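All the letters of the sequence shown, read from the start, carry residue numbers -18 to 246 under our numbering.
Idealized CB from N, CA, C, for every residue including glycine.
These figures come from a predicted structure and were not determined experimentally.
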Amino acid sequence: MNEGREKIIYTYGEGDSAADRLALVAELFEGASRSLLSDAVGFRPRLALDLGCGVGHTTRLLAEVLRPVRVVGVERSANFLSKARVAAPEEVSFVRHDVTWTPLPHSGEADLIYARLLLSHLPDPEEVAKDWLAQLAPGGLLLLEEVERIETEQPVFREYLRILAEMMTHHGQELYVGPRLEDATRGPERRISRVVPASPTTAHVARMFSINLANWRGNDFVRANHTKKELDRLAEDLSELTESRETAEIRWGMRQIAIERALSA
């Protein structure tokens, strides 16, 4: 998973606006993630790794729910890490590292590895998940949360998601990677595999999608396949929806998986 691997394109960018987007993502999925941590982890981790931790929302959630002795957020973006380190709890630290490169920091020491909405951006997500599992201490847990499906009849959201999925597919990524992980992780070591719902307000999603669109509309594939006029219109439509009071217009299904590394590993 190391030699010759090209730099992965992170779909939503790594600048300040992308950091603002992560706060909206954290709010959207906090309930589902908190439920997974509570249901899947029946022990106090000695060392938990939060892969692709961004600005630290998930890292702090791990610390709050599980009370590990140590939590280490792993992130490649220097900008995100500078924000994550602000007012971090004593037991939380951060390290700069590309999670597609093994060994991971503290390889073989961590008894919990967590990743949310990360594998959808990586080619060969099944193999990456296997590599992460091998980085755990024997008996440790790998927790994954990825998109299984997004359901909406809102035409602006449908158009946004159509373009996004096309762009990600072009780059060897997959927006709806949950079903692939469900198939790839079957076996005696898997402890949990389930789909949980999340249904935010229209305005919340429109704010999130607006930031995303601004970050990826300059992508070469998008520019080659969609006109400026088309993208400007989509941006305007999303902006209008940020004032909407509608609810239940869009629904996520999040695939949650917990896999234990065999004690004999």
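Assignment of A239 by DSSP, reduced to helix, strand and coil, places it in the strand class. When C-alpha distances from E107 are compared across M235, Y(-9), E155, the shortest belongs to E155. DSSP places Y95 in the uninterrupted beta strand (DSSP E) bounded by 93 to 97. Secondary structure note for A179: its beta strand (DSSP E) is the uninterrupted segment 171 to 179.
The straight-line gap separating the alpha-carbon atoms of L114 and R27 is approximately 17 Å. Scanning the stretch 27 to 111 from its first residue to its last, the whole alpha helix (DSSP H) runs of 4-plus residues come out as 38 to 47, 59 to 65. Boundaries of the alpha helix (DSSP H) around E217: 209 to 222. For S191 against S225, the beta-carbon gap comes to about 12 Å, at or over 8 Å, which does not count as contact. If you check the CB distance, L100 and L162 come in under 8 Å. Here the stretch 175 to 193 lies against the stretch -1 to 12, with 3 or more beta-carbon pairs under 8 Å apart. Taken atom to atom, the span from the alpha-carbon of D92 to that of P181 is near 32 Å. Sequence-distant partners of L145 (beyond 5 residues in either direction) whose C-beta falls short of 7 Å from its own C-beta, in its chain, are L156.
For the pair P136 and L215, the Cα-to-Cα distance works out to about 10 Å. Taken through DSSP and simplified to helix, strand or coil, V6 comes out as helix.
Counting other Cβ atoms within 10 Å of its Cβ, G37 reaches 16 or more and is therefore classed as buried.
Cα atoms of T208 and G(-6): separation of roughly 21 Å, rounded to the nearest angstrom. For T183, the uninterrupted alpha helix (DSSP H) segment begins and ends at 183 to 197. Rounded to whole angstroms, F24 and L117 show a C-alpha spacing of 15 Å.
With a minimum length of 3 residues, the unbroken runs of beta strand (DSSP E) contained wholly in the stretch 111 to 172 fall at 122 to 133.
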